[in-house]
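Student: Dropping the structure in here first, questions after.
Printed below as a string of structure tokens:
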């Protein structure tokens, strides 16, 4: 039988000759250079076992690169470049303590602190790195009433955060005695960072540990969502049917909280709300005056919009950024002052200079001589997921025959102009390639735009900035019912 030299056999033969110096000239090839990657970790006054948490379980497992710190410093080294692309954690007595996001660059200096730990918590919640740093920085600035530089948050440990760091670590130590679900605790504490920071100033943070832990474990069940509010059925061209359609099984109205919790005194269909007075006390469902609404499905507390011309009016529109950070944007054939679209320009003497969403947040948190609204000073713009939890897809027409995708018995005075979407603090990349402005997701609640998400730009620098003004509904991260 003849032997045929296939391309694969030829390649293997050549490889073998090369490996053995088969050409007869010169010596064998030199060994490849071994590269060692290094990360320098600073822990402040803390010591323990530091590791690259490659599986993100907040534990230093066998096989993960690790080192014991000395005098608050540790050096991690590995021949695997993955060392530069994973989070780093500190464990003490086999319990998670602090974390920091990946170094990215070789021989980089990494700081582990409560601030960087919160950034990791945001990353574990699915937030992009830059946004995670911004959210953490803003929560600490607001909660501690400090000026902080977001660009330094990952590389430095500001002395202004020393007291908070000690308070946070004491709180974390107590939290670990109540639950060993460190992933849930970390992501939950990250969501409550601003409230924890404020409580630390008042030295009440340890008093609230049960609340913080309870919230974190409750949210870990998955973000608690409401149902859609759809309680009618469709068959071919017929809609609004009140009975299950055998020919078209599995419709929305057959399932969920809208079926199992359909009692309507506390909210239409499966929605479940309770009215709150200005101090945050619960009111009867038929109360004629209330200031806020607590969603008993999600634990979120929402502000009620007013039917007047004040800054809390349901028709009041805000630009996203404060006036000092915006310039102009292009509208058709001319550049327009962005503030022309904000309601503060149209309510002279009534706005108190509150033109941006950020200014409105500060205003609400300072109401009632600093007591805030409904007993809270932790009001903020909602995330896109939080705001979506209010959407009522089955809402009927209101008195003015405008579709409003929210339970108007609890949320009256919702803005009804179709193309004015409510603002969120969730960044969006939609259209970002067209100019240098930033974008946030917005959610529609009126007309044909109910439940529609869009992207709102806000002006920071440059004239090619397509900004605008939109309504706002603030939220407080509440606790489980």
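Numbering (the working numbering), first residue to last: 4 to 484. Where a beta carbon is used, it is the ideal one built from N, C-alpha and C, also for glycine.
1) I believe residue 113 touches residue 91 by the beta-carbon criterion, under 8 Å. Please report the beta-carbon distance rounded to the nearest angstrom.
2) What did DSSP end up calling residue 177 once you bin it into helix, strand or coil?
3) If we count Cβ pairs, one from each stretch, closer than 8 Å, do we get three or more for the segment 135-150 versus the segment 61-75?
4) On the three-state DSSP scale, how would you describe residue 459?
5) Got a sec? Which residues, its chain only, sit under 7 Å from residue 259 by beta carbon, not counting five neighbours each side?
6) What is the rounded straight-line gap between the Cα of residue 165 and the Cα of residue 61?
7) Whose C-alpha, out of 428, 479, 170, 424, is nearest the C-alpha of residue 455?
8) Keeping to the same chain, check which residues put their C-beta closer than 6 Å to that of residue 228; ignore five residues upstream and five downstream.
9) Taking just the CA atoms, how far does residue 267 sit from residue 291?
10) Could you name the residues of the same chain whose beta carbon sits closer than 8 Å to that of residue 56, not counting the 5 residues immediately before and after it, in chain order?
11) Please state the DSSP three-state secondary structure of residue 95.
12) Could you check whether the segment 372-384 touches the segment 193-201, counting it as contact only if at least three pairs of C-beta atoms, one from each stretch, sit closer than 8 Å?
13) Express the C-alpha separation of residue 185 and residue 40 in angstroms, rounding to a whole number.
14) Quick one: what's got a C-beta closer than 7 Å to residue 400's C-beta in the same chain, skipping five residues either side?
15) Sort 77, 58, 49 by Cα distance to residue 42 and report the nearest one.
16) Please name the residue in 104, 359, 208, 277 whose C-alpha comes closest to that of residue 473.
17) In chain order, what residues of the same chain lie with their CB nearer than 8 Å to the CB of residue 100, ignoring the 5 residues before and after it?
18) Which residue marks the beginning of the alpha helix (DSSP H) containing residue 122, and which one marks its end?
19) How far does the beta strand (DSSP E) with residue 343 in it extend, from its first residue to its last?
20) Give the single residue among 394, 416, 415 whose Cα lies nearest to the Cα of residue 446.
21) For residue 309 versus residue 317, is the C-beta distance shorter than 8 Å?
22) For residue 294 and residue 315, what's the separation of their Cα atoms in angstroms?
23) Using the three-state DSSP reduction, which class does residue 71 fall into: helix, strand or coil?
24) DSSP three-state call for residue 347: helix, strand or coil?
25) Thinking just about the alpha-carbon of each residue, which of 47, 362, 287, 161 is nearest to the one in residue 115?
26) Distance, Cα to Cα, residue 207 vs residue 254?
27) Quick one: which unbroken beta strand (DSSP E) runs of 3-plus residues sit fully inside the segment 249-321? Chain order, please.
28) Distance, Cα to Cα, residue 183 vs residue 217?
29) Based on Cα-Cα distance, which residue from 242, 257, 243, 238 lies nearest to residue 250?
30) Would you call residue 124 buried or exposed, if buried means 16 or more other Cβ atoms sit within 10 Å of its Cβ?
31) Any idea if residue 82 is buried or exposed, counting beta-carbon neighbours within 10 angstroms, 16 or more meaning buried?
32) Just list the residues that DSSP pairs residue 53 with in beta bridges.
33) Does the Cβ of residue 148 have 16 or more other Cβ atoms within 10 Å, making it buried, or fewer, making it exposed?
34) So, residue 477 versus residue 427, is the Cβ gap smaller than 8 Å?
35) On the DSSP letters alone, give me the boundaries of the alpha helix (DSSP H) that residue 426 sits inside.
36) To which residues of the same chain is residue 118 closer than 7 Å at the C-beta, ignoring the five residues directly before and after it?
Tutor: The answer reads as follows:
1) Reading the chain shown from its first residue, position 110 is the one you call residue 113. Reading the chain shown from its first residue, position 88 is the one you call residue 91. That pair is a contact at about 6 Å.
2) The residue given as residue 177 occupies position 174 in the chain shown. Residue 177: helix per DSSP, three-state reduction.
3) No, the segment 135-150 is not in contact with the segment 61-75.
4) As a position in the chain shown, residue 459 is number 456, starting the count at 1. Of the three classes helix, strand and coil, the one that applies to residue 459 here is strand, per DSSP.
5) By one-based count along the chain shown, residue 259 stands at place 256. 230, 273, listed in sequence order.
6) Translated into the one-based positions of the chain shown, residue 165 becomes position 162. Translated into the one-based positions of the chain shown, residue 61 becomes position 58. So the alpha carbons of these two residues sit roughly 23 Å apart.
7) Reading the chain shown from its first residue, position 452 is the one you call residue 455. With distances taken between Cα atoms, residue 455 lies closest to 424.
8) Numbered from 1 along the chain shown, position 225 holds the residue referred to as residue 228. Excluding residues within five positions, the ones whose Cβ falls inside 6 Å are 392.
9) Along the chain shown, one-based indexing puts residue 291 at 288. Along the chain shown, one-based indexing puts residue 267 at 264. Taking the straight line from one Cα to the other gives about 17 Å.
10) Here residue 56 is taken as the residue at index 53 of the chain shown, counted from 1. Around residue 56: 62, 63, 67, 89, 90, 91, 92, 102.
11) Looking up residue 95 in the chain shown gives position 92. Three-state DSSP puts residue 95 in a strand.
12) yes
13) As a first step, residue 40 must be located in the chain shown, where it is residue number 37. As a first step, residue 185 must be located in the chain shown, where it is residue number 182. One C-alpha to the other measures close to 29 Å.
14) In the chain shown, residue 400 corresponds to position 397, counting from 1. Residue placement at residue 400 is flagged as unreliable, the pLDDT there being 48, under the threshold of 50; a coordinate-derived value is accordingly withheld.
15) Counted from its first residue, the chain shown places residue 42 at position 39. Considering only alpha carbons, the answer is 77.
16) Taking the first residue of the chain shown as position 1, residue 473 is located at position 470. The shortest Cα separation from residue 473 among 104, 359, 208, 277 belongs to 359.
17) Sequence index remark: in the chain shown, residue 100 carries index 97 (1-based). Closer than 8 Å at the Cβ level, and outside the excluded window around residue 100, lie 49, 51, 92, 93, 94, 172, 175.
18) Taking the first residue of the chain shown as position 1, residue 122 is located at position 119. Element bounds for residue 122: 117-127.
19) To locate residue 343, count along the chain shown from 1; it is residue 340. Careful: residue 343 lies outside any beta strand (DSSP E) and carries neither H nor E.
20) Within the chain shown, residue 446 is the residue found at index 443, counting from 1. Comparing Cα-Cα distances from residue 446 to each of 394, 416, 415, the minimum goes to 394.
21) One-based indexing of the chain shown puts residue 309 at position 306. One-based indexing of the chain shown puts residue 317 at position 314. Going by C-beta atoms, residue 309 is nearer than 8 Å to residue 317.
22) Looking up residue 294 in the chain shown gives position 291. Looking up residue 315 in the chain shown gives position 312. Distance between the alpha carbons of residue 294 and residue 315: 11 Å.
23) As a first step, residue 71 must be located in the chain shown, where it is residue number 68. Three-state DSSP puts residue 71 in a strand.
24) Counted from its first residue, the chain shown places residue 347 at position 344. Residue 347: helix per DSSP, three-state reduction.
25) Sequence index remark: in the chain shown, residue 115 carries index 112 (1-based). The residue with the shortest Cα to Cα distance from residue 115 is 47.
26) What you label residue 207 is simply residue 204 of the chain shown in a count that begins at 1. What you label residue 254 is simply residue 251 of the chain shown in a count that begins at 1. Cα to Cα, the separation comes out at about 49 Å.
27) 276-279, 295-298, 304-306
28) Numbered from 1 along the chain shown, position 180 holds the residue referred to as residue 183. Numbered from 1 along the chain shown, position 214 holds the residue referred to as residue 217. Roughly 13 Å separates the two Cα atoms.
29) On the chain shown, residue 250 is found 247 positions in, with the first residue counted as 1. Of all alpha-carbon atoms in 242, 257, 243, 238, the one lying nearest the alpha-carbon of residue 250 is that of 238.
30) By 1-based counting over the chain shown, the position of residue 124 is 121. Its Cβ being crowded by 16 or more others within 10 Å, residue 124 is buried.
31) Residue mapping note: residue 82 aligns to position 79 of the chain shown, counting from 1. By the neighbour-count criterion, in which a residue is buried when 16 or more other Cβ atoms sit within 10 angstroms of its Cβ, residue 82 is exposed.
32) Position 50 of the chain shown, counted from the first residue, corresponds to residue 53. Its beta-bridge partners are 70, 93.
33) On the chain shown, position 145 is the one that residue 148 refers to. Label assigned to residue 148: exposed.
34) Here the question's residue 477 lines up with position 474 in the chain shown. Here the question's residue 427 lines up with position 424 in the chain shown. The answer is no: Cβ separation not under 8 Å.
35) Here residue 426 refers to the residue found at position 423 when the chain shown is read from its first residue. Segment 425-430 is the beta strand (DSSP E) holding residue 426; no alpha helix (DSSP H) there.
36) In the chain shown, the residue the question calls residue 118 occupies position 115. Once the five neighbours on either side are set aside, the close Cβ partners of residue 118 are 139, 143, 156, 164.
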